[in-house]
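J.:
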Amino acid sequence: MLFDAMDVGLLGFVIAALMIAWHISPQSAGLLGSITLVGMAIGSAAAGLFADRVGRKKAFLLTILIYSVASGISAFATSIVFLLVMRAITGFGLGGELPVATTFVLESSPPEKRGRRTALLETYWAFGSIVAALIGFLVIPILTWRAAFAITVLPALYTLYLRRSLPETPAFKGLKEKLNFKQNMSRLWQKDLRKRTILLWVLWFTANFAYYGMFFWLPSVLVLKGFTLINSFGFVLIMAIAQVPGYLVAAWLVDIIGRKWTLVLFAMISAISALLFGMSTSIGLLLLFGIILNFSNLGAWGATYVFSVEQYPAASRATGLGWAMGIGKIGGVVAPYLVGALVATHTSFSIIFGLFFIVTLIGVIFLLTLGHDVTKDEPISHFSTAHQS
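Per my numbering, residue 767 is the first one in the sequence shown, and the count goes up by one each step.
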């Protein structure tokens, strides 16, 4: 999870550097982010189906290898086209790893600990964002963006350890029947799961739209507001540190007030802070609302993963989560390119971040209307496979 976040976070810093080194346009910069998300969308859906068919462990190791090798090769890019191809492949692996890792941790945990453990897993996304900010602040200005991509090949070595030490989950080993592609997709739309599938697809779309639209452009937004590249990277590093307590507070609250209400709380704070960040002009206000935005938005992500992965039975869990994430990534594909187009037309940042406020609010409305906390209403029957085995 840390390496995933590091790779995604580094792209924002790399693009800010490429806008200076290669003089790429805002539209080209947005396309780099969008093509990564296209790969992630396809990877999430494909890996979810693969994990429900052959196992969480095999899917996990394969996706790590794909994204780390492709990202490392990106260091040798000599053109924007080559970089676009590598980012698409990298995104495929990144998107595939996320639902499999979350499913793995959930299914390897007892009922009373699974919510907190899954939320704590997502905390490492914050640590990865901090590592990315450190690399952007300390490495890229000295060794260029190529060194940043070279570092991302390290997860490939990690698979050598995981292959020997990582067990398959009890839930997958205990399945009496493994559904094929058609059966799994049909299962997501049966009467008992249909509302949950609709909710999760909308929820993940709005969350991805806001997250990738805002955080992909965060270093460049600060540069365009008049700050130097070094200062902008430093500000992003300070903001990223706030993600850690955001995740930790969410991990604590999911077992206190429930997954749904933790998510509603953090999403609303995120929406309001995004609006205020876009309207800010001084360093003090940018840092203040940037810190609140990082704290709340990433805390909402922690709650989103826990809420989502508990919505499906074990036989379709990775598929359900993977397809929700995959559909959600469409929002992530659209947002970075849309922001690039708006920046190119000199649209004010208050309007751009106001858009993120509205989109996040739509997700909250769907959650309040259709949201269902599985933990409170069906803690045993909906999750029994893992523990009966």
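C-beta atoms are modelled at their ideal positions from N, C-alpha and C, and glycine is treated no differently.
In angstroms with no decimal places, state the Cα-to-Cα distance between ARG822 and THR829.
T.: Translated into the one-based positions of the sequence shown, residue 822 becomes position 56. Translated into the one-based positions of the sequence shown, residue 829 becomes position 63. Cα-Cα distance, rounded: 11 Å.
J.: Return the chain-ordered list of same chain residues with a C-beta closer than 6 Å to the C-beta of PRO1145, the five sequence neighbours on each side being excluded.
T.: Indexing the sequence shown from 1 puts residue 1145 at position 379. Annotation note: pLDDT 41 at PRO1145 (below 50); position unreliable, coordinate value reported separately. PRO877, listed in sequence order.
J.: At which residue ranges does the stretch 826–898 contain complete alpha helix (DSSP H) runs of 4 or more residues, listed in the order of the chain?
T.: 846–873, all fully within the stretch 826–898.
J.: Who are the near neighbours of PHE982 in its chain, counting only those whose CB is closer than 6 Å to its CB and skipping five residues on each side?
T.: Here residue 982 refers to the residue found at position 216 when the sequence shown is read from its first residue. If we look at PHE982 and ignore the five residues flanking it on each side, its Cβ neighbours are GLY778, GLY799, PRO1102.
J.: Could you check which residue in ARG883, LEU926, ALA973 has the C-alpha nearest to that of VAL1020?
T.: Translated into the one-based positions of the sequence shown, residue 1020 becomes position 254. The shortest Cα separation from VAL1020 among ARG883, LEU926, ALA973 belongs to ARG883.
J.: If you run the structure through DSSP and keep just helix, strand and coil, what is ASP770?
T.: For the purposes of this step, residue 770 is identified with residue 4 of the sequence shown, where counting begins at 1. Of the three classes helix, strand and coil, the one that applies to ASP770 here is helix, per DSSP.
J.: What does the alpha-carbon distance come out to for the pair ASP1143 and ILE1131?
T.: If you number the sequence shown from 1, residue 1143 lands on position 377. If you number the sequence shown from 1, residue 1131 lands on position 365. Only weak support is given to the placement of ASP1143: the predicted model assigns it a pLDDT of 41, under 50, and the value that follows is read from those uncertain coordinates. Taking the straight line joining both Cα atoms gives about 21 Å.
J.: Would you report the Cα separation of GLY1068 and VAL989, rounded to the nearest angstrom?
T.: Taking the sequence shown and counting its residues from 1, the one referred to as residue 1068 is at position 302. Taking the sequence shown and counting its residues from 1, the one referred to as residue 989 is at position 223. If I take the Cα positions, the gap works out to 29 Å.
J.: In angstroms with no decimal places, state the Cα-to-Cα distance between GLY1098 and GLY1092.
T.: Residue mapping note: residue 1098 aligns to position 332 of the sequence shown, counting from 1. Residue mapping note: residue 1092 aligns to position 326 of the sequence shown, counting from 1. The straight-line gap from Cα to Cα measures roughly 10 Å.
J.: SER1147 to ASN946, Cα distance in whole Å?
T.: Here residue 1147 refers to the residue found at position 381 when the sequence shown is read from its first residue. Here residue 946 refers to the residue found at position 180 when the sequence shown is read from its first residue. Unreliable positioning characterises SER1147 in this predicted model, as indicated by a pLDDT of 35, which lies under 50. The coordinate reading is nonetheless provided below. Going by the C-alpha atoms only, they are around 23 Å apart.
J.: Does the pairing of the stretch 1028–1038 with the stretch 1113–1128 give three or more beta-carbon distances under 8 Å?
T.: Judged by Cβ distances under 8 Å, the stretch 1028–1038 makes contact with the stretch 1113–1128, as three or more pairs qualify.
J.: If you compare alpha carbons, which of GLY809, SER1116, TYR1078, ILE839 is closest to LYS961?
T.: Position 195 of the sequence shown, counted from the first residue, corresponds to residue 961. When each option's Cα is compared against that of LYS961, the closest is TYR1078.
J.: Please say whether THR869 and TYR833 have beta carbons closer to each other than 9 Å?
T.: Residue 833 sits at position 67 when you count from the first residue of the sequence shown. Residue 869 sits at position 103 when you count from the first residue of the sequence shown. Not a contact, by the Cβ cut-off of 9 Å.
J.: Use the C-beta contact count for ILE908: other C-beta atoms within 10 angstroms, 16 or more gives buried, fewer gives exposed.
T.: As a position in the sequence shown, residue 908 is number 142, starting the count at 1. By the 10 Å Cβ count, ILE908 comes out exposed.
J.: Grab me the residues of THR972's own chain with a C-beta within less than 7 Å of its C-beta, minus the 5 sequence neighbours each way, in chain order.
T.: For the purposes of this step, residue 972 is taken as residue 206 along the sequence shown, with counting starting at 1. Contacts found: GLY1097, VAL1125, THR1126, ILE1128, GLY1129.
J.: Using CA atoms only, rank isn't needed, just tell me which of PHE1061, ALA817, ILE896, THR1111 is closest to VAL866.
T.: The sequence position of residue 866 within the sequence shown is 100, counting from 1. Of the listed residues, the one whose Cα sits closest to VAL866 is ALA817.
J.: List, from N- to C-terminal side, the alpha helix (DSSP H) runs of 4 residues or more that fit wholly inside the stretch 917–970.
T.: 921–931, 936–939, 947–954, all fully within the stretch 917–970.
J.: Output needed for ALA1218: all residues of its chain with C-beta closer than 6 Å, excluding positions within five of it in sequence on either side, in chain order.
T.: Since the displayed the chain opens at 767 and closes at 1155, residue 1218 lies outside it and no answer follows.
J.: What residue from VAL1002, GLN793, ILE1058, GLY902 has the CA that sits closest to GLY1012's CA?
T.: Here residue 1012 refers to the residue found at position 246 when the sequence shown is read from its first residue. When only C-alpha atoms are compared, the closest one is ILE1058.
J.: What are the boundary residues of the alpha helix (DSSP H) that GLY799 is part of?
T.: Here residue 799 corresponds to residue number 33 of the sequence shown, with the count starting at 1. GLY799 -> alpha helix (DSSP H) spans 792–820.
J.: In or out: LEU784 buried (at least 16 other Cβ within 10 Å) or exposed?
T.: Counting from 1 along the sequence shown, the entry for residue 784 is found at position 18. Buried: at least 16 other Cβ atoms inside 10 Å.
J.: Near VAL871, what residues of its chain come up, given a Cβ to Cβ distance below 7 Å and the 5 sequence neighbours on each side ignored?
T.: By 1-based counting over the sequence shown, the position of residue 871 is 105. Cβ within range, chain order: ARG883, THR884, LEU887.
J.: Assuming LEU1054 and LEU1133 are in contact, meaning their beta carbons sit under 8 Å apart, how far apart are those beta carbons, in whole angstroms?
T.: Locating residue 1054 in the sequence shown gives position 288, where the first residue counts as 1. Locating residue 1133 in the sequence shown gives position 367, where the first residue counts as 1. Incorrect: roughly 27 Å between the Cβ atoms, too far for contact.
J.: For SER1082, which three-state DSSP category applies?
T.: Counting from 1 along the sequence shown, the entry for residue 1082 is found at position 316. Reduced to three states, the DSSP call for SER1082 is helix.
J.: Tell me whether PHE982 sits in a helix, a strand or coil according to DSSP, three-state version.
T.: Against the sequence shown, residue 982 aligns to sequence position 216. Coil.
J.: For a test of the three-state rule: what should DSSP assign to SER1062, helix, strand or coil?
T.: Counted from its first residue, the sequence shown places residue 1062 at position 296. Three-state result, SER1062: helix.
J.: Would you say the stretch 933–947 touches the stretch 1100–1118, given that touching needs at least three Cβ pairs under 8 Å?
T.: Touching, no, given that fewer than three Cβ pairs across the two stretches are closer than 8 Å.
J.: Label GLY809 either buried or exposed according to how many other C-beta atoms from any shown protein chain fall within 10 Å of its C-beta, with 16 as the threshold for buried.
T.: For this step, residue 809 is matched to residue 43 along the sequence shown. GLY809 should be labelled buried.
J.: Measuring alpha carbon to alpha carbon, tell me which of ALA1017, THR802, ALA922, PHE1061 ends up nearest LEU831.
T.: The residue labelled residue 831 in the question sits at position 65 within the sequence shown. Out of ALA1017, THR802, ALA922, PHE1061, ALA922 has the C-alpha closest to the C-alpha of LEU831.
J.: Can you list, in chain order, the residues of its chain whose CB lies under 6 Å from that of ALA825, leaving out five sequence neighbours each side?
T.: Taking the first residue of the sequence shown as 1, we reach residue 825 at position 59. So the qualifying residues of the chain are ALA813, PHE816, ALA817, VAL866.
J.: How long is the line joining the alpha carbons of ALA787 and VAL780, rounded to whole angstroms?
T.: Within the sequence shown, the letter at position 21 stands for residue 787. Within the sequence shown, the letter at position 14 stands for residue 780. The alpha-carbon atoms of ALA787 and VAL780 are separated by roughly 10 Å.
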